[in-house]
Structures are given as C-alpha cells and as structure tokens.
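Below is one structure, written out as structure tokens; the observations come after it.
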Amino acid sequence: MFRALVVDDESSILGLLRTVLELAAFHVETATSAKLATTLLAQDSFEVVLTDIRMETPTAGFDVIRAARKLQSRPAIAILTAHPISPAEWKPSGADALFIKGSDLINLPDKLKTLMKQRAQRETASEPVLRRSVNQ
14 MFRALVVDDE SSILGLLRTV LELAAFHVET ATSAKLATTL LAQDSFEVVL
64 TDIRMETPTA GFDVIRAARK LQSRPAIAIL TAHPISPAEW KPSGADALFI
114 KGSDLINLPD KLKTLMKQRA QRETASEPVL RRSVNQ
C-alpha cells in the first residue's frame, strides 16, 4: 500500500481524491491547509504528496513542497491545481509534476505511481555518488 498525503482546502476535492486513490491501493492522509500538511510531513512518512497551491494564501502549496523537499526520505511531489501555472513558476519549486483539477482523474493513481517509481530510481542512481563523496 502506498502512503499519500493529499492537501487541498476544499473538502469535496479531498473526499473525491481520497476515494480515487484508496480504490487504487493508496493509504491516504488529508490536510486542509499548508500548516496541517507540514505538521503531518514532520510526523509521518509518505511516498507521494499531492498538493493544491492556492489555499489559505495564493502560494501556500509551495510551503508544503518546501517542507517535503527537506525530508530525508523525500516523497514524489505533485501539484494539483485549478489555476494554470507556467513551468517557470512550478518547476523551480521541486515538484515532480503538475496536474489540472478535473482532468483525467481516473488515471491519477497510475500517474502518481509512475512519479514514485521515477523518484525511487533517481534516489537509487544517486546513492553510489553520495557514498563516494562521504567516504573521501
């Protein structure tokens, strides 16, 4: 079972995402604010974080992304938003993908699994380099 943290200030969206992801073998924790999400990230580990950007502030989701990036076991990070964001705005944040709310929800679990797999492959590929630099 995959552990996912889903962050959105709209409870109806959270409920829908929880249902879709749980049907695809995800264990889902939800947060209705960036503050609650950062608390959950500090207390537990997740394979993937799916966050809205515009919540209590227009950029609150970027706070969630920053908190997730600081974790030793960094999860895959995806943005889910109703407001289009240019790659120049979201890619520097460290998010791995951007999804638009209301589009292709049925394939979201598979897309998140692909992100998690890619994240794991990148971590595995970088381990020997890290070990060499620590041992030198």
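Mind the numbering: the sequence shown is residues 14 to 149 in the working numbering, read in order.
All C-beta atoms in this analysis are idealised placements derived from N, C-alpha and C, irrespective of residue type, glycine included.
No experiment lies behind these values; they were computed from the predicted model shown.
Can you say whether residue i is buried or exposed, counting buried as having 16 or more other CB atoms within 10 angstroms of its CB?
i      : result
Asp57  : exposed
Met14  : exposed
Ile113 : exposed
Ala73  : buried
Thr43  : buried
Asp76  : buried
Arg118 : A small correction: the amino acid at residue 118 is Leu; Arg does not occupy that position in the sequence shown. Its Cβ having fewer than 16 others within 10 Å, Leu118 is exposed.
Tell me which same chain residues have a C-beta within less than 6 angstroms of the C-beta of residue i, skipping the five on either side of it?
i     : result
Asp21 : Leu27 and Asp65
Suppose the cutoff is 7 angstroms on Cβ atoms and the five residues either side in sequence are ignored; what does the same chain contact list for residue i look like?
i      : result
Ser99  : none
Leu128 : Val61, Ala89, Ala91, Asp109 and Ala110
Gly107 : Ile78, Arg82 and Ile90
Tell me, to the nearest whole angstrom, how far the beta carbon of residue i is from that of residue j; I am working on the premise that it is less than 8 angstroms.
i     : j     : result
Leu63 : Leu30 : 7 angstroms
In chain order, what residues of the same chain have a beta carbon less than 8 angstroms from the beta carbon of residue i, not counting five sequence neighbours either side?
i     : result
Pro97 : Ile113
Legend entry - Meets three-Cβ-pair contact criterion under 8 angstroms: the stretch 103 to 112 and the stretch 76 to 95: yes
Legend entry - Cβ contact check for the stretch 80 to 88 and the stretch 33 to 41: 3 or more pairs under 8 angstroms: no
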